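**Student:** Here's a structure for you.
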Amino acid sequence: KADVIWEDFCAFLKEWGTSFFQSSEQISFRFSNSGNGNFIVKPKIKLNILRIFQEASTNILKYAEATEVNIDISTSNGIILLIVKDNGKGFEIGKKEEEKINHLGLKNMETRVEELGGRFSISTKPKAGTCIQVSIPIS
40 KADVIWEDFC AFLKEWGTSF FQSSEQISFR FSNSGNGNFI VKPKIKLNIL
90 RIFQEASTNI LKYAEATEVN IDISTSNGII LLIVKDNGKG FEIGKKEEEK
140 INHLGLKNME TRVEELGGRF SISTKPKAGT CIQVSIPIS
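Each residue of the sequence shown is one higher than the one before, counting from 40 in this note's numbering.
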């Protein structure tokens with residue numbers, strides 16, 4: 040619930056991701072971060088980025104059948120950008136209401152981002168992996 044410095048937050052995310060994906064010997068995990076390390080990440084932003092990161096990671100482990108996961112988090116021009124990319128089996132984003140229910144975690148991620156005034160996008164298709172991009176204003 041406390042403020043945290045950007046560099047410390049990135050170190051925590053890297054440690055969490057490394058530990059999480061260590062449980063799967065088939066997945067190579069790569070984490071990179073860049074940007075100004077001197078600013079404070081507010082608790083609400085910190086919590087929501089963490090939850091999005093955790094949800095995306097859990098989805099990869101449960102569904103993607105990926106062998107590579109790349110996480111990049113950076114800052115530029117007052118924006119935090121999180122990219123979560125895997126080389127897994129991908130999926131078709133459902134158009135029908137009953138198909139959307141299966142993607143509740145994705146909807147929750149999108150809602151978290153929108154509540155922070157950010158943008159959420161996902162690109163995926165069968166046999167082509169998945170890439171989630173989140174951009175959130177720092178302040």
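Backbone N, C-alpha and C define an ideal beta-carbon position, used for all residues, glycine too.
These figures come from a predicted structure and were not determined experimentally.
Would you mind giving the Cβ-Cβ distance between residue 55 and residue 114, rounded to the nearest angstrom? I have them listed as a contact below 8 Å.
**Tutor:** Residue numbering aside, residue 55 sits at position 16 when the sequence shown is read from its first letter. Residue numbering aside, residue 114 sits at position 75 when the sequence shown is read from its first letter. In fact, because the Cβ distance is near 19 Å, the residues do not count as touching under 8 Å.
**Student:** Helix, strand or coil: which one does DSSP assign to residue 172?
**Tutor:** Translated into positions along the sequence shown, residue 172 becomes position 133. Residue 172 falls in the strand class under three-state DSSP.
**Student:** Between the segment 160 to 169 and the segment 77 to 92, do three or more beta carbon pairs fall short of 8 Å?
**Tutor:** No, the segment 160 to 169 does not touch the segment 77 to 92.
**Student:** Is the beta carbon of residue 174 less than 9 Å from the beta carbon of residue 118?
**Tutor:** By one-based count along the sequence shown, residue 174 stands at place 135. By one-based count along the sequence shown, residue 118 stands at place 79. Their beta carbons are under 9 Å apart, which means residue 174 touches residue 118 by this criterion.
**Student:** Output the residue ranges of the alpha helix (DSSP H) runs that lie fully inside the segment 89 to 168 and measure 4 residues or longer, sorted by chain position.
**Tutor:** Qualifying alpha helix (DSSP H) stretches, in chain order: 136 to 140, 143 to 154.
**Student:** Consult DSSP for residue 48 and reduce its assignment to one of helix, strand or coil.
**Tutor:** Position 9 of the sequence shown, counted from the first residue, corresponds to residue 48. It is helical.
**Student:** Within its chain, find whatever has a CB closer than 6 Å to the CB of residue 127; leave out the 5 residues flanking it on each side and keep chain order.
**Tutor:** Along the sequence shown, one-based indexing puts residue 127 at 88. Same-chain partners within the cutoff: 103, 104, 105, 168.
**Student:** Does the beta-carbon of residue 125 have 16 or more other beta-carbons within 10 angstroms, so that it is buried, or is it exposed?
**Tutor:** The residue labelled residue 125 in the question sits at position 86 within the sequence shown. Residue 125 is buried by the Cβ-count criterion.
**Student:** Mind checking which residues open and close the beta strand (DSSP E) that includes residue 178?
**Tutor:** Numbered from its first residue, the sequence shown carries residue 178 at position 139. Unbroken run through residue 178: none, as it is neither H nor E.
**Student:** Taking the continuous beta strand (DSSP E) assigned at residue 75, which residues delimit it?
**Tutor:** The residue given as residue 75 occupies position 36 in the sequence shown. No beta strand (DSSP E) holds residue 75; DSSP gives it neither H nor E.
**Student:** What is the DSSP secondary structure of residue 58, reduced to helix, strand or coil?
**Tutor:** In the sequence shown, counting from the first residue as 1, residue 58 sits at position 19. Residue state, collapsed to three classes: helix.
**Student:** Using the Cβ count rule (16 or more neighbours within 10 Å means buried), how would you classify residue 96?
**Tutor:** What you label residue 96 is simply residue 57 of the sequence shown in a count that begins at 1. Under this definition residue 96 is a buried residue.
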